[in-house]
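Colleague: One line per chain: the protein sequences are C and G, in this order. Number 53 in this note's numbering belongs to position 53 of the first sequence; there are no gaps in the numbering. Number 17 in this note's numbering belongs to position 17 of the second sequence; there are no gaps in the numbering. C-beta: ideal position from N, C-alpha, C; glycine also. Please read all numbers here as calculations on a predicted model, not as lab measurements.
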Amino acid sequence: MAQTTTASPLQAGNPSAQTWFLPVLAAWLIPGGGHFLLKKSGRGALILASVVLMFFFGLFMRGTMFTPEKGPDYLTSLINYGGFVCDLAAGALYILSSVFGYAQPDLPGAVHDYGTKFLVTAGLLNILAMVDTWEIATGKKD
Amino acid sequence: MPKINLSHFEAAFLFSLFTSVVMGITTKKTNPERLHYGAYCFGCFLLALFGIGWVMKLGHG
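1) Could you tell me whether the region 4–21 of chain G touches the region 39–48 of chain G, where touching means 3 or more Cβ pairs closer than 8 Å?
2) Quick check on DSSP: helix, strand or coil for C:T64?
3) In or out: C:N126 buried (at least 16 other Cβ within 10 Å) or exposed?
4) Grouping DSSP H, G and I as helix and E and B as strand, with all else coil, what is C:P9?
5) For the region 105–118 of chain C, enumerate the residues whose C-beta is nearer than 9 Å to any C-beta of chain G, in chain order.
6) Drop a sphere of 10 angstroms on the beta-carbon of C:D142, count the other beta-carbons inside from all chains shown, and report buried for 16 or more, exposed for fewer.
7) Decide yes or no for the touch test of the region 59–71 of chain C against the region 22–41 of chain C: beta carbon pairs closer than 8 Å, at least 3 of them.
8) Counting C-beta neighbours from all protein chains within 10 Å, is the total for C:Q18 16 or more, i.e. buried, or is it exposed?
9) Between C:F60, C:V120 and C:D106, which has its C-alpha nearest C:G83's C-alpha?
10) Closer than 9 Å by beta-carbon distance: list the chain C residues that pair up with G:I52, in chain order.
11) Any idea what DSSP makes of C:A2, helix, strand or coil?
12) Hey, C:I47 and G:V22: beta-carbon distance below 7 Å or not?
13) Beta-carbon within less than 7 Å of C:T6's beta-carbon, same chain only, minus the 5 sequence neighbours each way: which residues are those?
14) Can you check which of these residues, C:N14, C:L37 and C:V51, is closest to C:K117 by C-alpha distance?
15) Between C:M149 and chain G, is the shortest Cβ-Cβ distance under 7 Å, so that the two count as touching?
16) Between C:S41, C:W134, C:A129 and C:Y102, which has its C-alpha nearest C:G58's C-alpha?
17) Kindly list the residues whose CB is nearer than 8 Å to the CB of C:A2, restricted to its own chain and excluding five residues on each side of it in sequence; keep chain order.
18) Which residues of chain D have a Cβ atom closer than 8 Å to the Cβ of G:L6, listed in chain order?
19) For chain C, check one thing: does any of its Cβ atoms lie closer than 7 Å to the Cβ of G:F13?
20) Using the Cβ count rule (16 or more neighbours within 10 Å means buried), how would you classify C:D106?
21) Measuring only between beta-carbons, confirm whether C:L25 sits less than 7 Å from chain G.
22) Do you know whose CA, among C:G33, C:P15 and C:N14, lies nearest C:P23's CA?
This is the structure:
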């Protein structure tokens, strides 16, 4: 009787961390890095350009970088912690900007506010790129 | 560090462009689908930008 080898549902549902950890880490640290690692250079370049440009526009518009601190009320705390997580998702861009002192204080004005949204959105877009990297690395997507 | 002062329209245009590119790449499985969805998202962003802009102008009186 011929035997067929198929992956168990457990294996199919939970791919090994070895296959995706490094690409996803690279995708977090360098936007598009996971795609480059998985030989998807075209998509990686577009993600790199989009996230980096968005982050730098935010930085040059003097956008605020959030810090994880408790505010006077629940909503302020939520905004601070949520904003920090989104900023942190931009990876090395956020880490280097903070380390080299480019983090801006919260200033009044529409342009600064746009800048803050650009910084947060750069992180959120990088999260999308990380999820895409995970899907490619685990074979759910080409 | 240089400082950039963008108008609301310029900021919204750039926001739409970058977001549409990443959303197109990450949500679809083939290149034609990616291009189509990216263009669709960008169109929706611009439509909302002009539409809501006009609603605010007309609503303001």
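Modeller: According to the data block:
1) yes
2) To locate residue 64 of chain C, count along the first sequence from 1; it is residue 64. Reduced to three states, the DSSP call for C:T64 is strand.
3) Against the first sequence, residue 126 of chain C aligns to sequence position 126. Around the beta carbon of C:N126, 16 or more other beta carbons sit within 10 angstroms, so the residue counts as buried.
4) Numbered from its first residue, the first sequence carries residue 9 of chain C at position 9. Model confidence at C:P9 stands at a pLDDT of 43, short of 50, so the residue's coordinates are unreliable; what they give is reported in the following sentence. C:P9: helix per DSSP, three-state reduction.
5) A110, V111, Y114, G115, K117 and F118
6) Numbered from its first residue, the first sequence carries residue 142 of chain C at position 142. Exposed, by the Cβ-count rule.
7) Two segments are said to touch when three or more pairs of C-beta atoms, one from each, lie closer than 8 Å; by this definition the region 59–71 of chain C does not touch the region 22–41 of chain C.
8) Residue mapping note: residue 18 of chain C aligns to position 18 of the first sequence, counting from 1. So C:Q18 counts as exposed.
9) The sequence position of residue 83 of chain C within the first sequence is 83, counting from 1. Checked all of C:F60, C:V120 and C:D106; the closest Cα to C:G83 is C:V120.
10) Residue 52 of chain G sits at position 52 when you count from the first residue of the second sequence. Chain C residues near G:I52: none, gap ~16 Å exceeds 9 Å.
11) For the purposes of this step, residue 2 of chain C is taken as the residue at position 2 of the first sequence. Low confidence applies here, because C:A2 scores a pLDDT of 49, under 50, leaving its location unreliable; read the following figure in that light. In this structure, C:A2 counts as coil in the three-state DSSP scheme.
12) Indexing the first sequence from 1 puts residue 47 of chain C at position 47. Indexing the second sequence from 1 puts residue 22 of chain G at position 22. Result yes, Cβ atoms of C:I47 and G:V22 sit closer than 7 Å.
13) In the first sequence, residue 6 of chain C corresponds to position 6, counting from 1. Per-residue confidence for C:T6 stands at a pLDDT of 45, beneath the threshold of 50, marking its modelled position as unreliable; the derived number appears in the next sentence. Cβ neighbours of C:T6 beyond the five flanking positions: none.
14) Working through the first sequence from its first residue, we reach residue 117 of chain C at position 117. It is C:V51 whose Cα lies nearest to the Cα of C:K117.
15) No answer is possible for residue 149 of chain C: the residues shown for chain C start at 1 and end at 142.
16) As a first step, residue 58 of chain C is located in the first sequence; it is residue number 58 there, counting from the start. The shortest C-alpha separation from C:G58 is found at C:Y102.
17) Reading the first sequence from its first residue, position 2 is the one you call residue 2 of chain C. Caution applies to C:A2, whose pLDDT of 49 falls short of 50 and renders its modelled position unreliable; the value that the coordinates give is listed next. Cβ neighbours of C:A2 beyond the five flanking positions: none.
18) Here the protein chains are C and G, and chain D is not one of them.
19) Within the second sequence, the letter at position 13 stands for residue 13 of chain G. Judged by the 7 Å Cβ criterion, G:F13 is not in contact with chain C.
20) Here residue 106 of chain C refers to the residue found at position 106 when the first sequence is read from its first residue. By the 10 Å Cβ count, C:D106 comes out exposed.
21) As a first step, residue 25 of chain C must be located in the first sequence, where it is residue number 25. No, no contact with chain G.
22) Here residue 23 of chain C is taken as the residue at index 23 of the first sequence, counted from 1. Of the listed residues, the one whose Cα sits closest to C:P23 is C:G33.
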